Amino acid sequence: MLSASDGGARGGANGGELASISERYDGVRRVEMERDGGGCGCAEGRGSGDARRLRARATVSRRAFLAAGTAAGLSWLVGTKAAWGGVGGGGWGAIGSVAAPGNHFGYDGGWGYSDDGKVWLSVSCNATVGRMTELFLEISVTSYYANGGVWNPTWFTDYPDTHVDSFIRDESGWLASKSGFYDTTYDNSNYHGPYVTDTLRVARASGDWQAWAGVRAWCDSPDSAYGIDTTAEASQIIPAHVLNDDASWRGRIITVRPRSAEHLLMDASGGGVEAGSNVVGWRDTHTTNQNWIVAESPQGRTSLVPVHAGASALYLDVQGGDWFDGDNVHLWTPNGGAAQSLYLHDFGDGYHMLVFECSGCALDLEGDAQADGANFRQWNPYGDWTVHSRHMRIEEVVFGPRFEGAFAIEGDLEAGGELSPTDPDATCYPYNYPGTSGMTYRYAWYRGGPGSRGELVQGPGDEAAYRVTEADEGSRLTCVVTAYARFRETPYRGEAAAFADVVRKGVAVRFFVDGEARPCYEVEAGRDEAFSVPREAWAAAEKEGCAGVEGWFADVGCSVRFEDGAIVSEPLDLHAYNRVTLAYAQADASCLLRDDRAYFLDEGLSIPLREEDVLPGGCTLRFGERVSFERGAPAWFEERGRVRTALCDPGAYATAAAEGVAQRMARLVRNTEAYLLWRTPAYDGIELS
0 MLSASDGGAR GGANGGELAS ISERYDGVRR VEMERDGGGC GCAEGRGSGD ARRLRARATV
60 SRRAFLAAGT AAGLSWLVGT KAAWGGVGGG GWGAIGSVAA PGNHFGYDGG WGYSDDGKVW
120 LSVSCNATVG RMTELFLEIS VTSYYANGGV WNPTWFTDYP DTHVDSFIRD ESGWLASKSG
180 FYDTTYDNSN YHGPYVTDTL RVARASGDWQ AWAGVRAWCD SPDSAYGIDT TAEASQIIPA
240 HVLNDDASWR GRIITVRPRS AEHLLMDASG GGVEAGSNVV GWRDTHTTNQ NWIVAESPQG
300 RTSLVPVHAG ASALYLDVQG GDWFDGDNVH LWTPNGGAAQ SLYLHDFGDG YHMLVFECSG
360 CALDLEGDAQ ADGANFRQWN PYGDWTVHSR HMRIEEVVFG PRFEGAFAIE GDLEAGGELS
420 PTDPDATCYP YNYPGTSGMT YRYAWYRGGP GSRGELVQGP GDEAAYRVTE ADEGSRLTCV
480 VTAYARFRET PYRGEAAAFA DVVRKGVAVR FFVDGEARPC YEVEAGRDEA FSVPREAWAA
540 AEKEGCAGVE GWFADVGCSV RFEDGAIVSE PLDLHAYNRV TLAYAQADAS CLLRDDRAYF
600 LDEGLSIPLR EEDVLPGGCT LRFGERVSFE RGAPAWFEER GRVRTALCDP GAYATAAAEG
660 VAQRMARLVR NTEAYLLWRT PAYDGIELS
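For the sequence shown, the positions run 0 to 688 when numbering that gives the first Met the number 0 is used.
Structure, rendered in structure tokens:
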């Protein structure tokens, strides 16, 4: 309730005063108190206190109110009003239920009285929940009201400055309203009749909330009707929307395919770069007008920007920014509006529903069309999420060569020559839509060898060409190109790469010895000139303790000999090996050397033994070759009238002392003398006489 001291709040029609009035409005809570029966009653309304002393307040005429304009008018309507509570009234219908299309609910308000109690005014709110989308709903509010006098009927047509507004509010304030006058004498867009219906739209939120739909009427005529004010309202629970926004795609470049026609991609028709260019479905052309950058909208959700439009950017946009089924989807300049902001609602099955924030309606391929040019629009998915024309498959675009070998390097491969990659627009996918340049390329050059890119020698940058230097001779040059959308320098996933081997002016000749992996010597020969092995190669190949170098050969097996003076045109590897010798000798403990007895080569003891007769012959081997040691020949001798045999032990010893265990095989890495040991037989138990 307002006291008389509050009365001056309604004086003046300028914007500043109206704004101050707006700040002091407490009608929201007062109305709820009246609805619950806690508001001022009839007796209080007719009391003699300050609450009735409102006649002295300054007035604002109907035409002054209209002249103040829409903004000021709304400020007035939420300004402080006197309320003269009445009796009666009550709610009916689906009050307090969860809002659903068709819910019907309302409230019949009590009476409000003029200062002198001779003019009364009563209102009724009759509301219906209408269209609902994933983010919004409409509530139609019909106002019924009448008034009269205590003794004689005095209709409010006698008081044309009767204000009427319909509204929807939450607990913190008004969300939507439409206001006007009941006025039989002034035809204006603000005109309200006695049974007017206003349709108001409110947003759903991430949580349930309570919305109050209501009607309010009052009169501010400068006569006895001045001060009438009464309200009726009823509530619904606005259910939370359940949309998610899949932010995992932010910063990536995608294509969008409707599930109902997956052979079509969302396409900026004709590569249009003007605001208003249409968006259609079209077969895959591998062009940038079918590539969309996923950006964050000013609202914190998702915007889609076609790559072909370049840095200046156009946004996917609902034409008109409203919520009607069939509203066209097109491209428009960025304006930060909700018509360019979407929820990428992830179904979790590989598909998304793209819901515009301005409407709660989903991107839809019109009529389940299958042909090129099928139109994209918005359509309300509320109550049915199964329609495949509203399910979109989102896939990241991968940049790369159109086929193996399509992207290549061209030019002069000698020092001082220039190399260039082939045009990515002609050899890679995707490529710029003809006449546009929304995608740009960056080039990086590497110097390495087979299997490795090696070191970066140029880029990455806009310069595609590379000039060959002497440092590149004999190496592999690799060019790697990556693609970027000009809008915010958004990178494409993937790359295209090509390589070329730079020839040397001279020919590299490498020398390998004994099968080793590293060359022992390298030299550069003149290309297509006669070549002879230099002395340095022979010296580098020779190893201490060996019998010399055998070389040179053109194959690893050392079977194809290279002839000095041969013409060399290509890089050449030559091979050689060190020779090692094997000789046999008797160990110091050998009986053939130690005993004084005579030894023979035959059992008949007719051929005297010479040392060279029993030792195996020596041989020459390759360095590192494995050898099996030969066994010396047996020797015969006479002992106590019997012919006995001295045998050579199997294997050989490394020293004349015959230490350790005799080795039967060994790998020779130097000239070697192997020591053999002959032994006489042990006593056999036969006594000789």
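Ideal placement from N, C-alpha and C gives every residue a C-beta, glycine not left out. All of these numbers come straight from a predicted model, not from anything done at the bench.
Going by C-alpha to C-alpha distance, which of the options sits closest to residue i?
i	options	result
serine 259	Asp244, Gly280 and Glu273	Gly280
glutamate 704	Phe636, Pro570 and Val626	Outside the displayed range of the chain (0 to 688) lies residue 704, so it cannot be described from this structure.
threonine 489	Ile253, Thr132, Leu199 and Asp197	Ile253
arginine 609	Asp228, Tyr598, Asp572 and Leu412	Tyr598
tyrosine 576	Trp91, Gly108, Gly547 and Ser296	Gly547
threonine 435	Gly450, Gly270, Pro449 and Arg666	Gly270
glycine 700	Glu232, Arg249 and Ala497	Since the displayed the chain opens at 0 and closes at 688, residue 700 lies outside it and no answer follows.
aspartate 207	Val97, Arg249, Ala175 and Tyr483	Val97
tyrosine 289	Phe561, Tyr430, Ala231 and Lys504	Residue identity check: residue 289 is glutamine in the sequence provided, not tyrosine. That would be Tyr430, whose Cα lies nearest to the Cα of glutamine 289.
aspartate 326	Asp316, Thr332, Gly335 and Pro333	Asp316
arginine 643	Thr654, Val613 and Pro680	Pro680
tryptophan 173	Thr196, Ser142 and Arg215	Arg215
serine 176	Trp211, Met664 and Met265	Trp211
aspartate 363	His351, Phe355, Arg376 and Tyr520	Arg376
tyrosine 350	Ala529, Asp244 and Gly372	Asp244
serine 568	Glu543, Val508 and Asp513	Val508
leucine 136	Ala239, Phe561 and Arg669	Ala239
proline 100	Gly250, Asp595 and Gly382	Gly382
proline 380	Glu629, Ala516, Leu134 and Val668	Leu134
serine 247	Met265, Arg203, Thr198 and Thr301	Thr301
valine 701	Ala499, Gly460 and Gly453	Since the first residue of the chain shown is 0 and the last is 688, residue 701 is not available in this structure.
Throw me the rounded Cβ distance for the residue i and residue j pair, which I believe falls under 8 Å.
i	j	result
glycine 437	arginine 485	6 Å
histidine 307	arginine 282	Wrong, their Cβ atoms sit about 16 Å apart, outside the cutoff.
valine 689	arginine 526	This structure leaves residue 689 out entirely; the chain is present only between 0 and 688.
valine 480	proline 420	6 Å
alanine 565	alanine 657	Actually they do not touch by this definition, with Cβ atoms about 50 Å apart.
phenylalanine 346	histidine 390	7 Å
I'd like the list of long-range same chain contacts for residue i, defined as Cβ closer than 7 Å, with 5 residues on each side in sequence excluded.
i	result
glutamate 734	In the structure as shown, the chain begins at 0 and stops at 688. Residue 734 is therefore absent and cannot be evaluated.
alanine 312	Val304, Pro333 and Phe486
cysteine 590	Ala645, Trp677, Arg678 and Thr679
asparagine 125	Gly105, Thr141 and Tyr143
glutamate 602	Trp635 and Val642
alanine 231	Gly88, Tyr106, Asp107, Gly108, Val122, Ser123, Cys124, Gly213 and Val214
If you run the structure through DSSP and keep just helix, strand and coil, what is residue i?
i	result
aspartate 367	helix
aspartate 164	strand
histidine 307	helix
glutamate 535	helix
aspartate 424	helix
tryptophan 384	coil
arginine 389	helix
arginine 258	helix
glycine 270	helix
arginine 749	This structure cannot settle anything about residue 749, because the visible part of the chain is limited to 0 through 688.
cysteine 357	coil
glutamine 585	strand
serine 436	coil
leucine 675	strand
arginine 203	coil
leucine 136	strand
leucine 667	coil
leucine 264	strand
arginine 593	helix
glutamine 377	strand
Using a Cβ-Cβ cutoff of less than 8 Å, which residues in the same chain neighbour residue i once the five nearest sequence positions on both sides are dropped?
i	result
valine 578	According to the sequence displayed, residue 578 carries arginine and not valine. The answer, listed in chain order, is Cys545, Ala546, Gly547, Val548, Glu549, Thr619, Leu620, Arg621 and Phe622.
aspartate 554	His574
leucine 455	Ala443, Trp444 and Tyr445
asparagine 102	Gly92, Ala93, Ser96, Thr127, Val128 and Gln235
Sorted by chain position, which residues of the same chain lie with C-beta nearer than 6 Å to residue i's C-beta, five sequence neighbours on each side aside?
i	result
leucine 592	Gln585
glycine 493	Val397, Phe398 and Gly399
proline 423	Tyr440 and Val480
alanine 540	Val512, Cys519, Val548 and Ala575
glutamate 43	A caution first: glutamate 43 carries a pLDDT of 30, below 50, which makes its placement in the model unreliable, though a value can still be read off. Around glutamate 43: no qualifying Cβ.
Open item on the list: Please give the ranges of any beta strand (DSSP E) in the region 459-522, keeping only runs that are unbroken, at least 3 residues long and fully inside the region.
Closed with: 475-484, 495-500 and 505-512
TODO: Kindly provide the ranges of any beta strand (DSSP E) runs that are 3 or more residues long and lie completely inside the region 605-631, ordered along the chain.
DONE: 618-621 and 625-627
Task: Minimum length 4: unbroken alpha helix (DSSP H) runs contained in the region 540-575 - done: none
Open item on the list: Restricting to runs no shorter than 3 residues, where is the beta strand (DSSP E) found entirely within the region 318-343?
Closed with: Runs of the beta strand (DSSP E) inside the region 318-343: 328-331.
Task: Uninterrupted beta strand (DSSP E) stretches inside the region 393-424 (no shorter than 3 residues) - done: 397-400, 408-410 and 417-420
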